[in-house]
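Everything below concerns the one structure shown next.
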Amino acid sequence: MAKKLPIVAIVGRANVGKSTLFNAILKRREAIVAEEAGTTRDSVWAKASHQDSQFWLIDTAGMKDAEDDFEFTIQEQIMQAADSADVIWVTIDATTVITEEDRRVAKLALRSKKPVFLVVNKMDKAPKKSFHDFERLGIKPIILVSARQKIGVDELLDRLVASIPQTMQEEAPDRLRLAILGRPNVGKSQLFNTLAKKQQAIVANRAGTTRDINRTVVKYQGREVELLDTAGIRRNGKIEVGIERFSVIRSLSAIEEADVCVLLMDANELNVQLDQKIAGMIKEAGKGLILVISKWDSVEEKTAFTRDQLAAQLRHNFEFVPWAPLVITSSVTGQNVTKLFELALEIDKRRKQTFTTSELNRWLRHVVAQHPPAGLKNRTPKLNYMVHEDDNPIPAFKVFGAHTKFLHWSYKRYLDRTFRESYDFVGSPIQFWFIEKHVTHKHGTRPEKD
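Residues in the sequence shown are numbered consecutively from 2, following the numbering used here.
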């Protein structure tokens, strides 16, 4: 199952090098997961890794309000980091004296009771100082770095990995994580509570969770299911300062750690563009997906025709995820709520299907014989054999052949469709990687991903 990734927040007063540290850790190669305009400098976050550990890294440098009021900026920044982050890095500038702002940041961070590091940046430019000056802030460990020169960054990351609680690294092996996602006010928390009450609660509101993600573990048909209720995802232009910024990263993090995601949409207020975007995020992450219409009880003068019309409209809007089942629910009446558990377990089961190479190659020979790939630029693709990437949490298959780069997108869609007809992958994306069998490189070849 997916592992919960810790969230690390870089906090501190302005101009201490938080963004430089952020970029040094990412080595400027990691994709930024989200950027939000409308602040003094865009607030950014990304997934980073060190050794065998991954984590979310948040650069909070842009968290300022329009008036640039320090009282609001620093206190809100640290309070939200304390709420949403698992580890806090208080960053100071070694080339200046410790300021009153530094002291207040340190005090607020320590009050959070989260693991706190003191990151002393710009050590390569700093005059010699007594280590005791830094100890006065009351934070340990103290890590001396030069983010620009990348000095001490590896030590900082080593200490981070060592500080991650073991409970975050190890989870119940057979527990299914089901994340409830969607825009604000579509009924996520109501569905969460209905699902939790339908089954025997084991753990509710675990210590260490935040106000913008609620968790509970229930049992369904003997299987543990962890429900994740996330904050709503808004359009970028409507994301405000403070807790809402951390809410978005929590939602993205929930997608990463979930096995199956429920995308909840209000029957009375569909937002096609944003809902499509969220579905695309779930598909890109390779997670299971259930499309759910909520608040069906509140639709006036509804008929079977109304229901069919709505289903047809959604199928058209979400034609890029035709494999995602559609469920119409009401948390008030309980209509189809239990069905979500059944679907989630079925999707998880299908995602874990195993295949022998001989079985896959029989299938490949059959579908190619039925419909051979057409050529492009006088090159005719030839598909020779395929294997299952069984160590990949996403159902993924490597297809080896010649001239595979000339495969038309419609033929790739044909393979996806016919494979699903042969092996039910309801609710789950699958990946085909097409590889030239005769091409070898010294450092290997990254397969072409469909």
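Heads up, the beta-carbon is just placed ideally off N, CA and C, and yes, glycines get one too.
Between I283 and M266, the C-beta spacing is not below 8 Å. Approximately 12 Å separates the beta-carbon atoms of G188 and L264; this is outside 8 Å, ruling out the contact. With 16 or more other CB atoms across the displayed protein chains lying within 10 angstroms of its CB, L158 is buried.
Going by DSSP, R224 is part of the beta strand (DSSP E) stretching over R224 to T231.
Residues of the same chain with a CB within less than 6 Å of the CB of I329, apart from the 5 flanking positions on each side, are I294 and W297 in chain order. In the structure shown, S50 adopts extended strand secondary structure according to DSSP, grouped into three states. Rounded to whole angstroms, K399 and F420 show a C-alpha spacing of 13 Å. With contacts defined by Cβ atoms closer than 8 Å, I26 and A10 do not form a contacting pair. A direct Cα-Cα distance of roughly 33 Å separates Q150 from S252. Distances from the alpha-carbon of A259 to those of P394, V273, K19 and Q277 put P394 closest.
Collapsing the DSSP output to three states places V154 in a helix. Here L138 is buried: its Cβ has 16 or more other Cβ atoms, across all protein chains shown, within 10 Å. Assignment of I93 by DSSP, reduced to helix, strand and coil, places it in the strand class. With respect to V120, V88 sits apart: the two C-beta atoms are not nearer than 8 Å. A direct Cα-to-Cα measurement between F135 and N122 gives close to 12 Å. Selection G281, T61, F23 and K406 evaluated against L377 yields K406 as nearest (Cα-Cα). A direct Cα-Cα distance of roughly 33 Å separates T97 from Q52. The beta carbon of K303 sits closer than 8 Å to those of W297, all from its chain and outside the five residues before and after it, given in chain order. DSSP places Y424 in no beta strand (DSSP E); its state is neither H nor E. Annotated three-state conformation of G13 is coil, per DSSP. Exposed is the label assigned to T334, since fewer than 16 other Cβ atoms lie within 10 Å of its Cβ. Annotation: the continuous alpha helix (DSSP H) that includes H367 extends over T358 to Q371. Measuring C-alpha to C-alpha distances from N379 to each of L408, F401 and Q371 identifies L408 as the nearest.
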